[in-house]
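One structure below.
Numbering (our numbering), first residue to last: 3 to 704.
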C-alpha cells in the first residue's frame with residue numbers, strides 16, 4: 003500500500019498534468035484565425051516583398067495575441083490561487099516553444115556547416131546568430147550590431163527572424179513578474195484588487211514603452227526595431243483586453259464593425275506599409291490597435307461576422323501551425339537559392355510555400371504537441387522541464403561550435419586565398435578581359451574569388467563608414483603624408499566605399515594623399531532623401547558637415563559614386579529622378595566652381611539576390627541576368643555629369659553587360675560580393691581606368 007506522502011505526490015503530478023497542459027476551455031477560435039493572418043503576412047512578405055511590402059506587421063499582430071492569451075492565463079491563475087506558480091508557467095512555455103524552435107536551430111546549424119548549402123564566408127555570422135537565437139537574445143544581438151531588418155541588402159542569416167521569438171521569450175519572463183509585483187503591492191499596502199493593480203501596472207508600463215518606442219524610432223530606428231522595451235506596449239495592448247472585460251465587445255453591431263474594421267485596416271497596412279515607413283514608432287499603433295480590435299470583437303451570432311469567418315477550418319489550421327510555419331519559412335528562403343536545381347522563380351517560391359506548410363504541420367504533429375504533453379516532463383517538477391530545456395539549448399550551441407571547428411581551416415584558407423589573389427591576380431583578369439585589346443579571345447572557367455567566399459572580399463576599414471543615424475562627417479586618411487602630394491577625395495555611399503581598397507592602393511602607388519567620406523545610403527547630393535525620420539535627417543546633417551570640411555581643404559580631384567536606386571524626394575522638381583540629377587549637379591558645383599574637378603562613375607547592376615547563390619550550384623551562363631532587370635538605364639549620375647563643366651564620367655556598363663544580358667563573372671573575376679556590391683578583386687581590375695581618369699582630371703601626365 004502506498005504511503006500518504008507518495009499518494010499526495012502522485013495526485014499533485016496528475017493535477018499538474020491535467021491543469022497545466024489542458025487545451026480547449028479557454029480556446030478562442032477567431033484568435034487562431036488572426037494568427038493565420040499574422041503568419042501569412044510575414045511569410046508572403048518574405049517570399050514576395052514587393053507585393054506585400056508591409057507584411058512585416060504580422061509580427062506585431064503576434065505580439066498583441068501573445069499579450070492577450072498569456073495575460074488571460076496569468077489572470078485566471080492569479081484570481082483562483084492568489085498567485086502565479088512561476089516555475090510551472092515557465093516550464094509550460096519551455097515545453098510549448100522550445101522543441102520546435104531548437105529543432106529548426108539544429109537544422110540551421112547543420113546546414114550552415116555544410117559548404118554545399120551555405121556559403122562558407124557566411125559561417126561566422128550564421129553560427130553567432132544561431133547561438134544568440136538558441137539562448138533567446140537574437141533581438142539584442144541584432145540591435146547591438148545595428149542591423150536594419152527592413153533593408154533588403156546584405157546577407158541575412160537563416161535565423162534572423164528569431165529576433166521576435168527572443169523578444170517574446172523575454173516577455174514571458176518579465177510579464178508574470180510585473181503582474182505578481184503589482185498584485186503583491188495592491189494586497190500588501192492598499193488592500194485592492196489584484197487584477198486591477200495588474201491592469202494599472204501594465205497600463206503604466208505600456209504607456210512608457212510606447213513613448214520610448216516613438217522617441218527611439220525617431221532617433222535610432224534600426225535598433226529600435228529589436229529592443230525589448232520598445233515593443234512591450236504591444237503586448238500590453240493585448241494584455242489590457244484580457245484584464246478589462248469591458249473592452250471586449252459583445253454587441254452584435256459593435257462587434258461586426260470593430261472586427262471587420264480591424265481586418266480591413268490590417269490588410270491595408272500589409273499592402274501599403276513598406277521599408278520607408280517609420281517603424282515601429284507611432285505607425286506601429288495602427289496594426290497593433292487593429293489586431294486588438296479583431297480580438298475585442300466577440301459576437302459570433304452570424305456566419306458573416308469576422309469571429310465566424312476567422313474561425314473557418316483553413317484559417318484555424320493555419321493558425322494552429324503558425325508557430326512552426328514562422329520558424330521554417332525563413333531558413334528555407336535563405337537556403338533555396340543555394341540548392342542545386344532550385345532557385346526562387348515564381349514556381350519555386352510557390353512550391354517552397356507548400357513545403358513550408360508541410361514541414362510546419364509535421365513539426366506541429368510530431369514535435370510540438372507530443373513534447374508539450376510528454377509525461378516524463380509534465381509528471382515531474384517544473385525544474386526538470388527547465389533543466390531539460392537548458393540541456394537541449396547547450397546541445398544546439400555545441401553543434402554550432404562543432405560546425406565552426408569543422409570548417410575553420412577552410413574559412414581561413416579561403417580568406418588567405420583572397421589576399422593572395424589581390425596581391426597577384428592572373429593575366430587578363432576581370433575588366434581587363436573586356437577593356438584590354440590584347441586579352442581578346444582569352445577565356446577561363448575559373449571563378450575568383452570562389453562563390454563561397456566572395457562575401458568576405460570587401461574593404462576592411464569599416465571605421466571609415468558611417469551608418470544609419472550617425473551624422474558625423476567621419477573622414478579617413480591614406481597614402482602619402484607629403485604636404486606637396488596630390489590631394490584626392492573619395493566621397494559617397496556604400497557604392498563609393500566598395501572602391502576604397504582599390505583607391506588606397508592607387509594612392510600608395512602614385513604617391514597621392516587620399517581622404518574619404520562615406521555614409522551608407524547617403525550619396526553626395528543636395529536633394530533630401532525620401533526616407534523620413536532620423537535616418538533622412540542624419541543624412542542631411544552629414545552632408546552639411548561634409549560640405550563644411552570640403553570647404554576647409556583644397557583637393558586636386560574628387561571621386562564620387564552612388565547607388566542608382568537611392569530614393570530621393572521630388573524636392574520641387576518634376577520627379578524624384580530630376581531632383582536627384584539637380585542635387586548631384588548642385589553638390590559638385592560647390593567644388594568645380596573653385597577649380598576642383600569631379601570624377602564619377604555610372605553605377606553597376608543591382609540584382610534581386612546575391613548572384614553567388616546561383617554561381618555555387620549552376621553554370622556561369624545560367625546566372626546571367628537580363629539587362630532590363632538588373633541595370634538602371636536612367637542613372638541620375640549619368641544625366642548629372644552630361645555636359646557639366648570639370649566633371650568626368652566613367653561608364654563601365656560594357657564590362658558588366660552586353661546588349662541584352664549582364665554578367666556575374668568577367669574574365670574569371672567574381673564581380674559581386676552580394677546583390678549589389680562589387681568584390682575588391684574585381685574593382686582592382688578597374689584600377690588602370692580609375693587611375694587614368696584621376697590623372698587626366700588633375701592634368702597629371704600618365
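Note that CB positions come from ideal geometry on N, CA and C, so glycine has one too.
- DSSP, reduced to helix, strand and coil, places residue 586 within a helical segment of the structure shown.
- For residue 242, the three-state secondary structure derived from DSSP is helix.
- When only Cα atoms are considered, residue 647 and residue 698 end up about 14 Å apart.
- Looking at the DSSP output, residue 481 shares a beta bridge with 515.
- The Cβ-Cβ distance between residue 138 and residue 72 does not fall below 8 Å.
- CA-CA distance, residue 207 to residue 596, rounds to 57 Å.
- Distance from the Cα of residue 419 is smallest, within the candidate group 93, 671, 451, for 451.
- Bridge pairing for residue 560: 491, 600 [DSSP].
- DSSP links residue 650 through a beta bridge to 601.
- Under DSSP, residue 672 forms a beta bridge with 667.
- The shortest CA-to-CA distance from residue 324 to any of 39, 211, 465 is the one to 39.
- In the three-state reduction of the DSSP assignment, residue 685 falls in the helix class, which pools H, G and I.
- Counting every other CB atom within 10 Å of its CB across the protein chains shown gives residue 81 a total below 16, marking it as exposed.
- Buried is the label assigned to residue 658, since at least 16 other Cβ atoms lie within 10 Å of its Cβ.
- Under the three-state reduction of DSSP output, residue 38 falls in the helix class.
- Runs of alpha helix (DSSP H) with 4 or more residues, each lying fully within the stretch 84-113, are absent.
- Bridge partners of residue 466 according to DSSP: none are assigned.
- Contact annotation: the stretch 445-461 touches the stretch 671-688, with at least three C-beta pairs closer than 8 Å.
- Look at residue 659 here: in three-state DSSP terms it is strand.
- The beta-carbon separation of residue 231 and residue 257, rounded to 33 Å, does not stay under the 8 Å limit for a contact.
- The three-state secondary structure of residue 307, taken from DSSP, is coil.
- Rounded to whole angstroms, the separation of the alpha carbons of residue 508 and residue 654 is 19 Å.
- By the CB criterion at 8 Å, residue 330 and residue 361 fall inside the cutoff.
- Looking at 475, 497, 480, 586, the one whose alpha-carbon comes closest to that of residue 543 is 475.
- Taking C-alpha positions only, residue 304 is separated from residue 246 by approximately 25 Å.
- For secondary structure counted as the alpha helix (DSSP H) over 4 or more consecutive residues, the stretch 318-400 holds these complete runs in sequence order: 324-337, 348-365, 371-374, 377-380.
- Residue pairing by DSSP places residue 404 opposite no residue, since no beta bridge is assigned to it.
- Judged by beta-carbon spacing, residue 168 lies beyond the 8 Å limit of residue 432, meaning their Cβ atoms are not closer than that value.
- Looking only at 283, 615, 463, 523, the smallest Cα-Cα distance to residue 505 is reached by 463.
- Of the candidates 594, 60, 518, 588, the residue whose Cα lies closest to the Cα of residue 288 is 60.
- A straight line joining the alpha-carbon of residue 439 with that of residue 351 spans about 43 Å.
- Residue 94 is classed as buried because its beta carbon has at least 16 other beta carbons within 10 Å across all chains shown.
- Following the DSSP letters along the chain, one finds residue 270 inside the alpha helix (DSSP H) bounded by residues 254-274.
- Exposed is the label assigned to residue 577, since fewer than 16 other Cβ atoms lie within 10 Å of its Cβ.
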